[in-house]
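Residue numbers (the working numbering), protein chains in the order written: chain A, 639 to 1257; chain B, 99 to 413.
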């Protein structure tokens, strides 16, 4: 009686060994490392490898290893001092095409890595860093699409010499309204638009004596526009994040209009926010010489002009017509101007933009051209319980210069205050004008010291809780308690192993989940042991009591755990970040504890009491 | 070691009227407090900005408040967090300032006042109002779905009167835990909500174990009224109920004492929930099932469902 077949022991041992193996990477700790990633066309090749290693060796810095990863080069160091020094050297000498980031890289030995074993992935609340949830302004994205159609339609109507009176976006919907003199013009326009833009839904309308054509964007296209706006933003944010120099960034779409950005280890959150949150673009416009600024200040700008402000606050009149906008910029880099050493940004345009720029500058040599920097900021206020969005568009003339020559595809803008400003502007431009304005709707930043405190406090409470429960169980159930303790310890290893295998994120609430699991995991054993005591009380033999105790408690344990699992799964489905972490560890803990507390303890109890006559149980 | 050397025979169900009165009083006080004082919602639900800073030395809150007021944040709430060196600052949504910039502003002001080496940013949380609304909605939905999921499972595994009994116990536990949070005005944030859902899981765990035994005894014992059977079952499980509650409370106390200030409200919610849950699995759940008229016939295996029943109920 009370013997397990060999296969059950084999199964238990196999599960134990696998668990131990995959939990093992967590014992090795981290190496301080520097990650060097190429930017904009730069690559990791023999030459750049040799440059980096040469630089470090030249400074007498010894490193532990040099590896190549998906993100570039990874250099491990023996101390954090070496790590910091190395980053400074690399930043100073490798130039703009490479960006470096400090990182802590798991020091998992190669043989474990080859088994795909890796340590647990710590959440931002444990390792420190920034979590942003950003929302794409879809209303603006659709409005932009409408405006694009207005200019496209205007262009083809003019191109084909179809006469129209007015063309404008319908303020309330996603449609363009064109007014015609007569039906003949309208019909000509209709067939033209139908041919050129077959996706637009066309509708004829007559109001009074006026003849209209209303072109509406289809629902399907609206969906596509939204999807594209989100994807473009994801790409742009990814580019921006890459330039920030973060070791393991996460930029991920969430739902229909949101993007999660996680930047582990970032300290300067103000700069991160500035670069991620701002939607900046440039516009090039001709400045008006000797314009009537006084009249404009009084609210009556001359026809075809608009009033702007320069950085120093002085007013300036610019022509309304835009020469080139930010989305025609394909590259931008910061640098120093040769002649006077002032900071500058070199800009490259796409072919369409370049043509327009070349035409305009050729015709306007000797005249001033202005660069307008436009930044979109979004504010959300709660007014009388309602959410009210307000947008701030900050437009600033950052530079006015006389055109000396016809511009080519590449040119530069000067007039910036500092090299930092030039760098940030270049970065913003390079990352591209965002398709639609974006705003931060949630931020969670954890400083590095708090992250470490959280790890320490979490680990301490797991250990202390664990020891108290172990002592209690040993005192209460003696030999059986000790067996339950073995199961409890194994359970902890199993939770760590499963978390490591799944690479699920471990958060502080996740650790709380583990602590709770430690308390609840003994429940299965308590149920079994109490049942065995009951059986003994009612006069059964020790062997029969063990058997009956395990068998009868089984369905109770299953019921109790499944209901807790339901609660944990609901938590997972509805929870965000930290809550999900709690739900994950709780679910894993429940499942592993069923295995260790039922099968694991039975195996050990069988080894102790099976196969022999037992007079009394130590329970 | 044992609490009871032989099977205890407390007359739990005999005092169920008394328990009912007590539970009712507690629930009414809780609902009253929830209705009048409400919960002290954290920024997760209200929106706003929370900034935790650590000073190198003990810091006077008056100074911090003054600095904040000078910077234009007179409406910010500053309090010590965990130690007298840590300060937690809560700023309600500000109209003029973009919320994302607000934390930078506050930190700049604190740095300027105390010296940037003296004060360190530990944590910044900003939740926009629209996200706050969603989190509240999701939280409420999670609670409802969890309750329904459990109701369905218990109905399938047991019987609908047991399901009603267990959900009554759950609602009882959740309402009282929330009530205590409201009475003491403890902060209620996302992790507290997670704790409440864990309480649902735990309380249910306890209830199911007792129900399981009631069902077993109904089938096994030829004699005895439902009240006697319920009583006997609760007594048989009493030792287990107490031991499990004690071990869980041990680890929660460890978490409460050592887990740091962030995890306090989480640990508090669970501690309250488990104490209340232990009581309710004895009184509320079984008493409700009895009041609904649970009897032997309902629990005898029916032929159609026979297969499933024997599967779950091994000899």
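The beta carbon of each residue, even a glycine, is placed where N, CA and C say it ideally should be.
Just so we're clear, the structure is a prediction, and the values are computed from it rather than from any experiment.
Beta-carbon spacing of residue i, residue j below 9 Å
i	j	result
residue 287 of chain B	residue 142 of chain B	yes
residue 217 of chain B	residue 152 of chain B	yes
residue 375 of chain B	residue 262 of chain B	no
residue 693 of chain A	residue 715 of chain A	no
residue 659 of chain A	residue 755 of chain A	yes
residue 1118 of chain A	residue 1239 of chain A	yes
residue 710 of chain A	residue 900 of chain A	no
residue 135 of chain B	residue 281 of chain B	yes
residue 828 of chain A	residue 795 of chain A	no
residue 1098 of chain A	residue 356 of chain B	yes
residue 920 of chain A	residue 878 of chain A	no
residue 812 of chain A	residue 840 of chain A	no
residue 371 of chain B	residue 305 of chain B	no
Environment of residue i [buried if 16+ CB atoms lie within 10 Å]
i	result
residue 1070 of chain A	Confidence is the limiting factor: at residue 1070 of chain A the pLDDT is only 49, short of 50, which leaves the residue's position unreliable, though a coordinate-based value still follows. Buried, since its Cβ has 16 or more Cβ neighbours within 10 Å.
residue 264 of chain B	buried
residue 412 of chain B	Confidence at residue 412 of chain B is low in this model, with a pLDDT of 42, below 50, so the placement of that residue should be treated as unreliable; the coordinate-derived value is given next. Classification for residue 412 of chain B: exposed.
residue 44 of chain B	Residue 44 of chain B falls outside the range modelled here, since chain B spans only 99 to 413, and no answer is possible.
residue 670 of chain A	buried
residue 1032 of chain A	exposed
residue 114 of chain B	buried
residue 1001 of chain A	exposed
residue 329 of chain B	buried
residue 1072 of chain A	Per-residue confidence for residue 1072 of chain A stands at a pLDDT of 48, beneath the threshold of 50, marking its modelled position as unreliable; the derived number appears in the next sentence. Buried: at least 16 other Cβ atoms inside 10 Å.
residue 354 of chain B	buried
residue 102 of chain B	exposed
residue 674 of chain A	buried
residue 836 of chain A	exposed
residue 402 of chain B	In this predicted model, residue 402 of chain B has a pLDDT of only 48, less than 50, meaning its place in the structure is not dependable enough to derive any value.
residue 299 of chain B	buried
residue 1114 of chain A	buried
residue 410 of chain B	Note that residue 410 of chain B has pLDDT 42, beneath the 50 cutoff, so the model's placement of it is unreliable and the number below is only indicative. By the 10 Å Cβ count, residue 410 of chain B comes out exposed.
Contacts that residue i makes with chain B (C-beta to C-beta distance below 8 Å)
i	result
residue 775 of chain A	Neighbours of residue 775 of chain A on chain B: none; closest Cβ ~12 Å, over 8 Å.
residue 1200 of chain A	251
residue 1194 of chain A	306, 307, 310 and 311
residue 1092 of chain A	358 and 360
residue 1113 of chain A	99
Proximal residues of chain A, C-beta to C-beta of residue i below 8 Å
i	result
residue 223 of chain B	1081, 1082 and 1083
Limits of the alpha helix (DSSP H) - the one that residue i falls within
i	result
residue 998 of chain A	989-1001
residue 141 of chain B	141-144
residue 818 of chain A	Where residue 818 of chain A is concerned, there is no enclosing alpha helix (DSSP H), although the beta strand (DSSP E) it sits in stretches over 813-818.
residue 779 of chain A	776-797
residue 346 of chain B	324-356
residue 271 of chain B	258-281
residue 1083 of chain A	Where residue 1083 of chain A is concerned, there is no enclosing alpha helix (DSSP H), although the beta strand (DSSP E) it sits in stretches over 1076-1084.
Start and end residues, beta strand (DSSP E) containing residue i
i	result
residue 676 of chain A	668-676
residue 707 of chain A	703-707
residue 741 of chain A	736-744
residue 898 of chain A	896-902
Under 7 Å by beta carbon: chain A residues contacting residue i
i	result
residue 337 of chain B	1168
residue 345 of chain B	1107, 1110, 1157 and 1160
residue 239 of chain B	1212
residue 353 of chain B	1099, 1103, 1150 and 1153
residue 220 of chain B	1085, 1087 and 1088
Partners in chain A for residue i, counting only beta-carbon separations shorter than 9 Å
i	result
residue 120 of chain B	Under the 9 Å cutoff, chain A gives no residues; its nearest Cβ is about 25 Å from residue 120 of chain B.
residue 289 of chain B	1146, 1147, 1150, 1216, 1217 and 1220
residue 177 of chain B	None at all; the shortest Cβ gap to chain A is about 17 Å.
Chain-ordered neighbours of residue i on chain B, where CB pairs are closer than 7 Å
i	result
residue 1098 of chain A	356
residue 1095 of chain A	356, 357 and 358
Residue i: contacting residues in chain B (beta-carbon distance under 9 Å)
i	result
residue 979 of chain A	Those within 9 Å of residue 979 of chain A in chain B number zero; the least Cβ separation is about 31 Å.
Contact residues within the stretch 1204-1215 of chain A, judged by C-beta distance below 9 Å to chain B = 1204, 1205, 1206, 1207, 1208, 1209, 1211, 1212, 1213, 1214 and 1215
Using a beta-carbon distance cut-off of less than 8 Å, what residues from the stretch 1153-1180 of chain A approach chain B?
-> 1153, 1154, 1156, 1157, 1158, 1160, 1161, 1164, 1165, 1168, 1171, 1172 and 1175
In the stretch 356-378 of chain B, which residues sit with their C-beta less than 8 Å from some C-beta in chain A, listed in chain order?
-> 356, 357, 358, 360, 361, 364, 365 and 368
Anything in the stretch 99-114 of chain B with a Cβ closer than 8 Å to a Cβ of chain A? List those residues in chain order, please.
-> 99, 100, 104 and 105
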